[in-house]
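Taking it in order: structure first as structure tokens, then the write-up.
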Amino acid sequence: MATETRSLPELLREHGQEHLLTHLDGLDGATRERLCARLRTIDWDELARPEVAPEVGEVGASRVVTLAERQQREERLSAAGEAALREGRVAVLMVAGGQGTRLGFAGPKGCYPLAPHSGKTLYQLQAEKVLALSRRVGQAVPFLVMTSPVTDVRTRAAFAEHDRFGLAAGQLRVFRQGTLPSVDRAGRALLGAPGTLLESPDGHGGCFTALVESGELHRLERAGIRHVVYIQVDNVLAPLDDPAFVGLGVEERADVVTKVLEKTHPDEKVGHLVRVAGRDRIVEYTELTAEDTRMRAPDGSLVYRWGSPALHLWSVAFLARLASKGFRPPLHRSAKPLRAWLDGALREIDGWKYERFIFDLLPQARVCIGLEIDRASEFSPIKNAEGENSPATAVEGMSRQYASWLEAAGVEVELSPGARIEIDPLLAATRRELVERWDGRVERVTGDLHLQEDRRVSGAPDRERGEP
Numbered sequence: 359m360a361t362e363t364r365s366l367p368e369l370l371r372e373h374g375q376e377h378l379l380t381h382l383d384g385l386d387g388a389t390r391e392r393l394c395a396r397l398r399t400i401d402w403d404e405l406a407r408p409e410v411a412p413e414v415g416e417v418g419a420s421r422v423v424t425l426a427e428r429q430q431r432e433e434r435l436s437a438a439g440e441a442a443l444r445e446g447r448v449a450v451l452m453v454a455g456g457q458g459t460r461l462g463f464a465g466p467k468g469c470y471p472l473a474p475h476s477g478k479t480l481y482q483l484q485a486e487k488v489l490a491l492s493r494r495v496g497q498a499v500p501f502l503v504m505t506s507p508v509t510d511v512r513t514r515a516a517f518a519e520h521d522r523f524g525l526a527a528g529q530l531r532v533f534r535q536g537t538l539p540s541v542d543r544a545g546r547a548l549l550g551a552p553g554t555l556l557e558s559p560d561g562h563g564g565c566f567t568a569l570v571e572s573g574e575l576h577r578l579e580r581a582g583i584r585h586v587v588y589i590q591v592d593n594v595l596a597p598l599d600d601p602a603f604v605g606l607g608v609e610e611r612a613d614v615v616t617k618v619l620e621k622t623h624p625d626e627k628v629g630h631l632v633r634v635a636g637r638d639r640i641v642e643y644t645e646l647t648a649e650d651t652r653m654r655a656p657d658g659s660l661v662y663r664w665g666s667p668a669l670h671l672w673s674v675a676f677l678a679r680l681a682s683k684g685f686r687p688p689l690h691r692s693a694k695p696l697r698a699w700l701d702g703a704l705r706e707i708d709g710w711k712y713e714r715f716i717f718d719l720l721p722q723a724r725v726c727i728g729l730e731i732d733r734a735s736e737f738s739p740i741k742n743a744e745g746e747n748s749p750a751t752a753v754e755g756m757s758r759q760y761a762s763w764l765e766a767a768g769v770e771v772e773l774s775p776g777a778r779i780e781i782d783p784l785l786a787a788t789r790r791e792l793v794e795r796w797d798g799r800v801e802r803v804t805g806d807l808h809l810q811e812d813r814r815v816s817g818a819p820d821r822e823r824g825e826p
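Position in the sequence shown (from 1) plus 358 gives the number in this note's numbering.
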């Protein structure tokens with residue numbers, strides 16, 4: 359970090375940013391002071407440091423609890439996780455820093471209305487899953503939501519306007535991630551407007567630094583929270599009520615449990631959980647050659663077999679240990695077309711954006727375990743307006759999941775093309791809950807169906823019994 363003994367001009371000249379001094383000279387007092395204050399807080403040494411190359415070494419398999427092994431251990435793991443949940447030892451953390459721009463939606467992605475019948479937003483669907491879990495275990499499960507500068511105000515307003523979607527006042531904690539300057543190809547910081555640096559959110563890895571700097575990590579420690587379930591707002595199928603997931607962390611005393619899914623094909627564009635030079639890490643697909651992705655282990659399986667859906671369980675003790683060491687996830691830079699203020703106007707230039715990755719915490723873990731999941735049950739992200747990973751595929755994924763729950767409850771389901779099922783999380787947030795609460799009012803479903811919290815049924819079930 360920059361030391362206070364150096365003046366700002368010295369600091370900027372030392373790091374090749376003297377062009378900013380010329381810009382400062384042309385600003386009025388208040389604007390100049392505001393920009394100077396921001397420039398003093400930037401870690402110019404970190405920005406100037408060459409990006410750390412991926413660790414080189416023998417690539418092996420990380421330890422993964424497969425679906426078959428999980429089934430064998432389900433009862434014991436679920437009991438351990440259930441105890442942690444009922445003792446109030448678990449929190450949920452959702453990262454929600456992204457805009458809905460790629461979806462053609464103006465506003466935070468979390469405000470996108472996804473549910474096919476109720477029109478509930480991603481924020482409401484995720485918050486209601488937290489509320490449903492809280493009611494089931496008899497604890498107000500803390501719900502931490504990380505925003506970015508571009509989503510913070512709208513996100514807070516969305517929760518306030520809807521009375522936190524039923525969550526208790528102290529249960530919801532909203533905190534904001536930091537930003538990092540964008541630079542030109544020569545490494546010089548750019549302006550977004552006169553008196554304002556061009557900056558962007560510091561990535562999902564900024565979640566760790568924001569937890570520390572906001573004081574939220576310390577609050578979790580004081581509250582006796584031992585485990586944090588991490589999800590991303592746009593994965594509508596992310597399960598929050600998963601005692602076996604928590605129980606695996608408890609039983610193995612793991613720093614990290616990270617869910618994984620078996621790749622559909624070698625070239626699938628996902629991060630990969632592997633062990634490199636004796637440490638677990640997520641290797642991005644961009645780091646691999648075509649030959650790498652097809653490498654086989656002695657047993658014939660792919661070396662890069664396990665993909666990451668960004669569903670993690672963090673030990674609070676592990677996060678606190680990293681914080682005490684002053685650890686920060688390293689910076690990664692990517693080439694981007696940028697719109698910067700140059701020569702008195704906004705101009706398009708090629709430059710670099712920086713971000714941090716949350717999975718860069720994994721190599722710091724003493725115990726890291728993968729947990730295989732069923733892709734169709736837990737992973738349906740929303741990244742694009744159309745096609746793969748779009749709102750349409752997410753709604754289809756929700757509908758298929760709910761159909762499987764109904765079938766488990768004894769309902770015959772044969773959906774006509776385009777038919778959609780929606781089950782309110784506060785009626786049932788898991789298959790287990792639906793089976794336990796099912797009263798048999800619907801025997802067969804072929805068309806649209808919406809099962810609501812108050813047990814009302816709307817849509818077009820073939821046969822509906824009277825109200826209980």
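We put the beta carbon where it would ideally sit given N, CA and C, even for glycine. Because the structure is a prediction, the values reported are computed rather than measured.
For residue i, the nearest candidate out of the options (CA to CA)
{"i": "L435", "options": "E609, V803, R512", "result": "E609"}
{"i": "G776", "options": "T804, W664, A464", "result": "T804"}
{"i": "T424", "options": "R733, D599, T788", "result": "R733"}
{"i": "S558", "options": "E626, P688, P466, K711", "result": "K711"}
{"i": "L397", "options": "V661, R795, T554", "result": "T554"}
{"i": "G768", "options": "R789, P466, L569", "result": "R789"}
{"i": "L646", "options": "A635, D638, D657, D625", "result": "D625"}
{"i": "A723", "options": "P749, L729, A675, S735", "result": "A675"}
{"i": "L556", "options": "W664, T651, P539", "result": "P539"}
{"i": "W551", "options": "A786, L700, P466, E811", "result": "Per the sequence shown, residue 551 should be read as Ala rather than Trp. Comparing Cα-Cα distances from A551 to each of A786, L700, P466, E811, the minimum goes to L700."}
{"i": "Q429", "options": "R637, L729, T537, E791", "result": "L729"}
{"i": "C469", "options": "S816, E801, V800, P749", "result": "P749"}
{"i": "S816", "options": "K627, P783, C394, H475", "result": "H475"}
{"i": "S572", "options": "V503, G605, G477", "result": "V503"}
Rounded separation between residue i and residue j - CA only
{"i": "G798", "j": "R778", "result": "20 Å"}
{"i": "P601", "j": "G439", "result": "4 Å"}
{"i": "W672", "j": "R686", "result": "16 Å"}
{"i": "G545", "j": "G374", "result": "8 Å"}
{"i": "G702", "j": "D542", "result": "17 Å"}
{"i": "R697", "j": "G582", "result": "45 Å"}
{"i": "R534", "j": "P507", "result": "7 Å"}
{"i": "L366", "j": "A678", "result": "32 Å"}
{"i": "Y908", "j": "L809", "result": "Any answer about residue 908 is impossible in this case: the structure gives the chain only from 359 up to 826."}
{"i": "E574", "j": "V586", "result": "12 Å"}
{"i": "E620", "j": "V614", "result": "19 Å"}
{"i": "E445", "j": "T479", "result": "30 Å"}
{"i": "I707", "j": "T380", "result": "20 Å"}
{"i": "V771", "j": "L764", "result": "7 Å"}
{"i": "R584", "j": "L443", "result": "10 Å"}
{"i": "L549", "j": "R705", "result": "11 Å"}
{"i": "V450", "j": "Y588", "result": "6 Å"}
{"i": "L689", "j": "L720", "result": "15 Å"}
{"i": "L631", "j": "E427", "result": "18 Å"}
{"i": "N742", "j": "V753", "result": "13 Å"}
{"i": "L569", "j": "L669", "result": "17 Å"}
{"i": "E376", "j": "L461", "result": "39 Å"}
Proximity below 7 Å, CB of residue i to CB of residue j
{"i": "M452", "j": "V591", "result": "yes"}
{"i": "D510", "j": "E713", "result": "no"}
{"i": "E642", "j": "G629", "result": "yes"}
{"i": "L382", "j": "L370", "result": "no"}
{"i": "R514", "j": "V532", "result": "yes"}
{"i": "K617", "j": "I740", "result": "no"}
{"i": "I781", "j": "Y760", "result": "yes"}
{"i": "G563", "j": "F715", "result": "yes"}
{"i": "S420", "j": "R633", "result": "yes"}
{"i": "W664", "j": "V448", "result": "no"}
{"i": "A635", "j": "V725", "result": "no"}
Opposing strand residues paired with residue i [DSSP bridges]
{"i": "M504", "result": "V453, F533"}
{"i": "A473", "result": "None, per the DSSP bridge assignment."}
{"i": "D708", "result": "P695"}
{"i": "T616", "result": "H670, G728"}
{"i": "E770", "result": "R802"}
{"i": "E780", "result": "H808"}
{"i": "S558", "result": "L538"}
{"i": "I640", "result": "L631"}
{"i": "T479", "result": "P471"}
{"i": "E713", "result": "H690"}
Closer than 6 Å: residue i CB and nearest the ligand FAD heavy atom
{"i": "D657", "result": "Of the ligands one can find in the structure shown there are none, so the ligand FAD has no counterpart to examine."}
Contact with chain B by residue i, beta-carbon distance below 7 Å
{"i": "V417", "result": "Annotation note: the requested chain B is absent from the structure, which comprises a single protein chain."}
Is the stretch 521 to 532 close to the stretch 484 to 493, with three or more CB pairs under 8 Å? The answer is yes - the stretch 484 to 493 touches the stretch 521 to 532, with three or more Cβ pairs under 8 Å.
Examine the Cβ distances between the stretch 395 to 410 and the stretch 563 to 581 and report whether three or more of them are shorter than 8 Å. Contact annotation: the stretch 395 to 410 does not touch the stretch 563 to 581, with fewer than three C-beta pairs closer than 8 Å.
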